[in-house]
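In this text, residue positions in the sequence shown follow UniProt numbering: the first is 1, and each later residue adds one.
Virtual Cβ for every residue (Gly too), placed ideally from N, Cα, C.
Computed from a prediction, not measured in an experiment: that's the story for all the values here.
Notes follow once the structure below has been shown.
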Amino acid sequence: MGGYILKRLISAVPVLLGITIIVFLIMSLIPGDPATAILGSYATPENVEKLNRDLGLDKPMVQRYFIWLGNMLTGDFGRSFSLNRPVLDEIVERFSATLILAGTAFVLCSVLGVLAGVVSAARQYGLADKAITFIVLIGISVPSFFLGMMMILLFAVNLRWLPVSGMYAIYGGGDLPDLLNHLIMPALALAAVATGVIARLARSAMLEVLRQDYIRTARAKGVPERRVIMGHALRAAMVSIIPVLGIQAGFVLSGAVYIEIVFQWPGVGRMLVEAILKRDLLLVQGGVVFVAACYVMFNIAVDVAQSLLDPRIKT
Numbered sequence: 001m002g003g004y005i006l007k008r009l010i011s012a013v014p015v016l017l018g019i020t021i022i023v024f025l026i027m028s029l030i031p032g033d034p035a036t037a038i039l040g041s042y043a044t045p046e047n048v049e050k051l052n053r054d055l056g057l058d059k060p061m062v063q064r065y066f067i068w069l070g071n072m073l074t075g076d077f078g079r080s081f082s083l084n085r086p087v088l089d090e091i092v093e094r095f096s097a098t099l100i101l102a103g104t105a106f107v108l109c110s111v112l113g114v115l116a117g118v119v120s121a122a123r124q125y126g127l128a129d130k131a132i133t134f135i136v137l138i139g140i141s142v143p144s145f146f147l148g149m150m151m152i153l154l155f156a157v158n159l160r161w162l163p164v165s166g167m168y169a170i171y172g173g174g175d176l177p178d179l180l181n182h183l184i185m186p187a188l189a190l191a192a193v194a195t196g197v198i199a200r201l202a203r204s205a206m207l208e209v210l211r212q213d214y215i216r217t218a219r220a221k222g223v224p225e226r227r228v229i230m231g232h233a234l235r236a237a238m239v240s241i242i243p244v245l246g247i248q249a250g251f252v253l254s255g256a257v258y259i260e261i262v263f264q265w266p267g268v269g270r271m272l273v274e275a276i277l278k279r280d281l282l283l284v285q286g287g288v289v290f291v292a293a294c295y296v297m298f299n300i301a302v303d304v305a306q307s308l309l310d311p312r313i314k315t
């Protein structure tokens with residue numbers, strides 16, 4: 001297992017390197033002069049030249065990339081000009097909020113999606129299967145940001161059950177109940193589409209396993225149906241479900257960007273949007289690379305979990 005993990009970590013290096021190249025090129029090729037956009041009304045030729053020199057924008061693109069990459073490898077992501085603080089400090093602080101939101105949404109979509117898929121497969125063509133399929137299709141069809149806005153309109157504006165936005169109340173609060181109260185709507189909105197996808201694929205994986213000979217043998221021996229479903233079929237189906245969970249984790253993490261905007265959640269997604277509008281290049285580049293690295297590491301963890309269930313994957 002140690003060798004397999006090392007192999008996966010080594011294979012992640014070119015992926016991360018490619019991500020840094022793509023992010024740097026995209027930010028470098030954006031039309032307009034970043035220094036002029038940053039200075040605004042103070043963009044005199046002298047000020048623009050000085051800021052370009054301070055930011056290293058007067059150097060060739062290749063040289064700027066290797067300077068930026070070398071600094072990141074030492075833990076120096078640069079300094080955000082708009083916030084006047086180290087980029088890494090801002091990312092880590094914001095990422096904790098994103099991790100709470102995306103982590104909660106991922107747990108919800110994983111548990112609800114797998115449970116719905118198992119129930120739907122166990123009751124194939126029954127009333128439960130049809131009801132779950134109908135709900136799942138609606139969940140997949142409705143965009144998360146639209147669902148979030150409808151939830152705000154219903155539960156916050158009309159019924160006034162939940163707060164409209166933010167992570168904590170402006171006055172008072174700040175404790176766990178306050179956090180959970182603010183987390184309900186964005187987490188459910190973010191998890192909706194992923195739950196539907198996982199449920200559909202979990203149903204297919206379960207149906208395939210339930211048709212196997214050893215499942216029929218277990219039933220013929222009188223093994224209780226609950227044990228057949230949860231103890232035998234689900235364990236085998238998880239080998240096919242776990243990769244789907246890894247893919248949906250990336251969807252949830254990327255989807256947190258617009259959900260954070262809708263609900264004004266103070267996470268990395270909202271930070272990136274604000275940084276793009278302010279042309280804060282180092283903050284955007286550092287934030288995207290950091291999130292991409294977290295996603296790559298999570299996929300490695302998913303591959304390891306899958307290999308534990310099915311050792312043949314390591315070969």
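task = Select from Arg227, Arg53 and Ile152 the residue whose C-alpha is nearest the C-alpha of Val164.
result = The count along the sequence shown starts at 1 and reaches residue 164 at position 164. Checked all of Arg227, Arg53 and Ile152; the closest Cα to Val164 is Ile152.
query = By how many angstroms is the C-alpha of Val142 removed from the C-alpha of Gly286?
reply = Against the sequence shown, residue 286 aligns to sequence position 286. Against the sequence shown, residue 142 aligns to sequence position 142. The alpha-carbon atoms of Gly286 and Val142 are separated by roughly 32 Å.
inquiry  = Could you compute how far the alpha carbon of Leu57 sits from the alpha carbon of Asp280?
reply    = Counted from its first residue, the sequence shown places residue 57 at position 57. Counted from its first residue, the sequence shown places residue 280 at position 280. Approximately 13 Å, taken between the alpha carbons.
One or two residues paired with Ser80 in a DSSP bridge = Position 80 of the sequence shown, counting from 1, holds the residue named residue 80. Looking at the DSSP assignment, Ser80 forms a beta bridge with Arg85.
task = Could you tell me whether any non-hydrogen atom of the ligand NAD is closer than 7 Å to the CB of Ile100?
result = Absent from the structure shown: the ligand NAD. Ligands present: none.
request  = In the DSSP assignment, find the unbroken alpha helix (DSSP H) run with Pro60 in it and report its ends.
outcome  = As a position in the sequence shown, residue 60 is number 60, starting the count at 1. Careful: Pro60 lies outside any alpha helix (DSSP H) and carries neither H nor E.
key: Continuous alpha helix (DSSP H) stretch holding His182: start and end   = Locating residue 182 in the sequence shown gives position 182, where the first residue counts as 1. It spans Leu176 to Leu210 - the alpha helix (DSSP H) in which His182 sits, taken as one unbroken run.
query = Which value, in whole angstroms, describes the spacing of the CA atoms of Ile261 and Ala97?
reply = Locating residue 261 in the sequence shown gives position 261, where the first residue counts as 1. Locating residue 97 in the sequence shown gives position 97, where the first residue counts as 1. If I take the Cα positions, the gap works out to 13 Å.
task = Return the Cβ separation of Cys109 and Ala194 in integer angstroms, given the expectation that the two are a contact with Cβ distance under 8 Å.
result = Mapped onto the sequence shown, residue 109 falls at position 109. Mapped onto the sequence shown, residue 194 falls at position 194. A Cβ-Cβ separation of about 4 Å places Cys109 in contact with Ala194 under the 8 Å criterion.
inquiry  = When you compare the CB of Ala236 with every CB in chain B, is at least one pair closer than 8 Å?
reply    = Absence of chain B from the displayed structure is noted, only one protein chain being present.
query = In terms of residues, what are the limits of the alpha helix (DSSP H) holding Gln219?
reply = Walking along the sequence shown from the start, residue 219 turns up at place 219. According to the sequence shown, residue 219 is Arg rather than Gln. For Arg219, the enclosing alpha helix (DSSP H) stretches over residues Asp213 to Ala220.
key: Assigned exposure category for Met206 - 16 Cβ within 10 Å defines buried   = Residue 206 sits at position 206 when you count from the first residue of the sequence shown. It counts as buried.
message = Can you list, in chain order, the residues of its chain with a C-beta nearer than 7 Å to that of Pro186? Leave out the 5 residues immediately preceding and following it.
response = Stepping through the sequence shown from its first residue, residue 186 is reached at position 186. These residues qualify, in order along the chain: Leu101, Gly148, Ile259, Phe263 and Trp265.
key: Beta-carbon spacing of Ala199, Gly113 below 8 Å   = Against the sequence shown, residue 199 aligns to sequence position 199. Against the sequence shown, residue 113 aligns to sequence position 113. Yes, they are a contact pair.
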